[in-house]
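Visitor: Have a look at this one.
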Ligand SMILES: [Zn+2]
């Protein structure tokens, strides 16, 4: 009786673990897609880089401070 209960608990725990892993995997995938979409190119040299890494100035994007100054 106790053994059956233990097996049931283990199965439920495993199911929860698998569901959580699957959800995390999906979240990572959507994150990668959104990052890919948020790619901008430097107005000065045309280098493509992720939007969070780019320097924004007057609604234009630049790869480095030097190019943003021009
Ligand atoms: Zn540049």
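Residue numbers (the working numbering): 3 to 72. For each residue, glycine too, the CB sits at the ideal point set by N, CA and C.
1. Would you kindly report the start and end of the unbroken beta strand (DSSP E) that includes residue 58?
2. By a C-beta neighbour count over all protein chains shown, 10 Å radius and 16 as the cutoff for buried, is residue 63 buried or exposed?
3. Would residue 46 and residue 69 be called neighbours here (beta carbons separated by less than 9 Å)?
4. Using the C-alpha atoms, what's the distance from residue 52 back to residue 18?
Guide: Once the coordinates are examined:
1. Segment 57-59, the beta strand (DSSP E) holding residue 58.
2. Label assigned to residue 63: buried.
3. In this structure, residue 46 places its C-beta atom within 9 Å of the C-beta atom of residue 69.
4. Cα to Cα, residue 18 sits roughly 35 Å from residue 52.
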